Structures are given as C-alpha cells and as structure tokens.
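Q: Here full-length UniProt numbering is used: the first residue of the sequence shown is 1, the next is one more, and so on.
Ideal Cβ placement from N, Cα and C applies to all residues, glycine included.
In this text, all values refer to a predicted model and were calculated from it rather than measured experimentally.
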Amino acid sequence: MQTRNPFLDEFAKLSTSAMGLAQAAGEEAKSAFRAQSDRIAAEMDLVRRDEFDVLKAQVIALRAEVAELQKAAAAKAKAPKTGTSTDGTRLPDAAG
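Shown next, in the form of structure tokens:
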C-alpha cells in the first residue's frame, strides 16, 4: 500500500535538483580549469610534439654525421704523411 507523502515528494525533488546543480557546477569548474590551463600553456610558449619530433630527428642525424667526421679525422691523423719527407738523409747545410 502506497501513500503519498508531500514532505518526501518535495525532499526527492529537492535532492534531484541539488544533484543536477552539483553536476552542472562540476562541469563548469572543469571547463574553467581547462580554459585556465590552456591559457597558461599558451603563455609558456611550449613546443608542440611534431616540432619536437622533427628536431629530435635532426639531432640524431647530426650526431651520426659528427661521429663519421670524427672517425675520418682519426683515420687521417693515423695515416703516414707522404710527399714531404726526404728518405731520412740530411741535406747539406750552406757551410758544406
């Protein structure tokens, strides 16, 4: 057997309204926080992910090139120098 209690009906309506209000306030707070964080990130002049990836690839390529140049320089430094030596004999000086 059901009876209609106006107090409980009004309390249920009030609770439903309060939950709707709380949900709306939560959404409003979330959107305000998101807007504030977007503004702060824009002011910080952060790099975008695609720009970072391009720069990272360039750094990797440059490191490989530097390593190759260092190997070439080391090989050249170890190679004997040719074309300017005199087979080990001393040239006579002006005095004779």
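Residues in its own chain within less than 7 Å of Val33 by CB, not counting five upstream and five downstream?
A: In the sequence shown, residue 33 corresponds to position 33, counting from 1. Reading off the sequence shown, one finds Phe at residue 33, where the question assumed Val. Answer for Phe33: no residue qualifies.
Q: Grouping DSSP H, G and I as helix and E and B as strand, with all else coil, what is Thr16?
A: Numbered from its first residue, the sequence shown carries residue 16 at position 16. Looking at Thr16 - three-state DSSP - the assignment turns out to be helix.
Q: Give the secondary structure of Val66 by DSSP, where H, G and I count as helix, E and B as strand, and everything else as coil.
A: Indexing the sequence shown from 1 puts residue 66 at position 66. In the structure shown, Val66 sits in a helix (DSSP, three-state: H, G or I).
Q: Look up Asp45 in the DSSP assignment and say whether it is helix, strand or coil.
A: Residue 45 sits at position 45 when you count from the first residue of the sequence shown. The answer is coil: DSSP assigns Asp45 none of H, G, I, E or B.
Q: Under 8 Å Cβ to Cβ from Lys30, same chain only, skipping five residues before and after it: list those, please.
A: Within the sequence shown, the letter at position 30 stands for residue 30. Hits under 8 Å: none found.
Q: Tell me whether Arg39 sits in a helix, a strand or coil according to DSSP, three-state version.
A: In the sequence shown, residue 39 corresponds to position 39, counting from 1. Helix.
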